[in-house]
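Comments concern the structure below.
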Amino acid sequence: MEGLHKNKVIFVGGKGGVGKSTSSAALAVAFAKEGHRTLVVSTDPAHNLGDIFHKKVNHEKTELLENLWGIEIDPFHESKRYIEGVKDNLEGLVKSKMVEEVHRQIDMASASPGADEAALFDRLISIILEESEHFDKIVFDTAPTGHTIRLLTLPELMSVWIDGMLERRKKINDNYTQLLNDGDPVDDPIYDVLQQRKEKFAAVRKVILDPRLTGFVFVLIPERLPILETEQAIRKLKQHDLMVQTLIINKVLPDYADGEFLAKRRKQERTYLEEIREKFKEQQLIQIPLFEEDVSDMNKLKTFSSNLSEGVKAR
């Protein structure tokens, strides 16, 4: 886990129900305890950060512990802010009599599939590029696996899309310049806005692709479906040059757990643990035991965090 100590930005993903949010929170607590100014951010619409820390957390930074702050990104709030930003960018670019109709079309588009995701992505970009100046560590608690993959691959996909938009705007401007017959380039505010967006996408993609700056952690439990889903996720992210370095194997039965029922479970679990070691030889593996009680208060979270830190040091 030496790599995670060097990383400034860490994305934590995994199948729903494996303890992803608890692992994210525990990782953030571990960093804060070491003296790092840490920000933990939930991008999962089903937020758990506030419940884990027993504090109200919203879309603005909330202090959780010494050296630790939290944000729960609100899709509705971000979508509304994102749409208002789009409207502001169009200010002065359309005729006054068309403004009302353009705004109506934008409001309709805001209800379309993917609008919340675009708004979430815009907020994520802002956090990575702006909050990096104020924090040593930023830990992202992401939504279940499929959503995580879409979120992490969006910089690449959006860069391709915006390159196409820029090329089309350039052709329009070049044609318009030829029509004017004066050879002077045409001022195009839309082109400028697109160029600014391209630069932001390029900047955040550079951060995400740099293994010295960004780390990817997946949480799983020793069961068949989480293993399969983790394997697929690692393969898909690798296709986009995003390498998962660390796996947190959560809820492993401790040796002292007794009884015939648990003995059978442990026997099956050992098979899955062996499969995990075989399948994920390129990843660092950190085992966290199954606790007797839920991680429902700060003392239990700190215990989880200590186990995580010990797993880190053991590597």
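If you're matching positions, the sequence shown starts at 1 in UniProt numbering and goes up one per residue.
Every residue, glycine too, gets a C-beta built ideally from N, C-alpha and C.
Counted as a single uninterrupted DSSP element, the stretch harbouring F135 is not any alpha helix (DSSP H), since DSSP gives it neither H nor E. Distance between G164 and F216, taken at the CA atoms: about 30 Å.
Shown here, I221 sits in coil according to DSSP, grouped into three states, outside any helix or strand. For R212, the closest C-alpha among the options R235, L253, M243 is that of M243.
The alpha-carbon separation between G19 and F261 amounts to approximately 23 Å.
E72 is classed as buried because its beta carbon has at least 16 other beta carbons within 10 Å across all chains shown. For V29, the secondary structure class from DSSP, reduced to helix, strand or coil, is helix.
When Cβ pairs closer than 8 Å are counted between the two stretches, the region 285-302 is seen to touch the region 13-30, the count reaching three or more.
The C-alpha of I276 lies about 18 Å from the C-alpha of K236. C-alpha of I127 to C-alpha of Y272: approximately 37 Å in a straight line. Around the CB of E278, fewer than 16 other CB atoms lie within 10 Å, so the residue is classed as exposed. CA-to-CA, the gap between K200 and L228 works out to about 34 Å. In the displayed model, D294 falls within coil according to three-state DSSP, outside both helix and strand. In the structure shown, the three-state DSSP call for E72 is strand.
In chain order, S23, A26, L27, A30, I248, I286, I288 place their CB closer than 8 Å to the CB of L308, counting only its own chain and leaving out the 5 sequence neighbours on each side. Short of 6 Å from the beta carbon of D136, and not among the five residues preceding or following it, lie these beta carbons of its own chain, in chain order: H36, R37. Counting the other Cβ atoms within 10 Å of the Cβ of A119 gives 16 or more, which makes it buried. Nearest to L64 by C-alpha distance, out of I149, V41, E133, is V41.
Cβ atoms of D74 and H54 stay farther apart than 8 Å, at about 19 Å. D44 and G13 have their C-alpha atoms spaced approximately 10 Å apart.
DSSP, reduced to helix, strand and coil, places P254 outside both helices and strands of the structure shown, so it counts as coil. Inclusion of I149 and V9 in the CB contact set at 7 Å is not warranted, their separation being larger than that value. Cα atoms of D241 and K300: separation of roughly 36 Å, rounded to the nearest angstrom. Comparing C-alpha distances from I125 to each of H5, N67, V57, K198 shows the shortest one belongs to K198. Residue burial is scored here from C-beta neighbours: D141 has at least 16 other C-beta atoms within 10 angstroms and is therefore classed as buried. When the beta-carbon positions are compared, L68 and V57 stay at least 7 Å from each other. Beyond the five residues adjoining it in sequence on each side, L290 comes within less than 7 Å, by CB distance, of K251, V252, L253, P254 in the same chain, given in chain order. Secondary structure note for G50: it is in no beta strand (DSSP E), and the uninterrupted alpha helix (DSSP H) holding it is 49-53.
DSSP, read as helix, strand or coil, puts E310 in helix.
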